[in-house]
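Numbering (our numbering), first residue to last: 6 to 188.
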């Protein structure tokens, strides 16, 4: 990312909350720039808590750039990345999206950064005569994997962005689910 985008009214935080306040006298592409203290449409009544202090708006408040956080700790996501914002002259890798890890902390995801490991989840089923039993795995983002369990009981590795939950079925339940999914 060469330009770290400004946050504007209508942009979102990683949690899904929307920026609902901006300085009406300062606009970019038809929408008002957000500022420190701008309200969010959020069930926790969050406001934008961090700002880029080297740039202030006509209301005297600091502007906000992509990745800065709300009072709830959620990173703001700019719709102006690589369009209008602050130059990233040192070429530092900037997270484009965020997810909550198993510890509940927001973690950045860079679009062009492949994971260190191609997968991070693998189940091992230990039971007598498990070889050949059908399985069906479904992740929370809707991806599906199915097949038959091999002799060592290891199911395929499933790549996820975090320690996310997913559903594993085997035997008749897996067959029924796989048939419903394919039809």
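Even glycine gets a Cβ: it sits at the ideal position worked out from N, Cα and C.
In this structure, 14 is the residue among 60, 14 and 35 with its C-alpha nearest to the C-alpha of residue 25.
Per DSSP, reduced to three states, the secondary structure at residue 16 is coil, with no helix or strand assignment. Judged by DSSP secondary structure, residue 152 falls within the beta strand (DSSP E) whose first and last residues are 149 to 153.
Excluding the 5 residues flanking it on each side, residue 47 has same chain C-beta neighbours closer than 6 Å at 22, in chain order.
If you look at residue 91, you'll find it in the beta strand (DSSP E) that goes 90 to 92. Pairing residue 82 with residue 37 gives a Cβ-Cβ distance that is not under 8 Å. By the CB criterion at 8 Å, residue 180 and residue 139 fall inside the cutoff. In this chain, the beta strand (DSSP E) harbouring residue 112 covers 111 to 114.
Beta-bridge partners assigned by DSSP to residue 61: 67. For residue 85, the three-state secondary structure derived from DSSP is coil.
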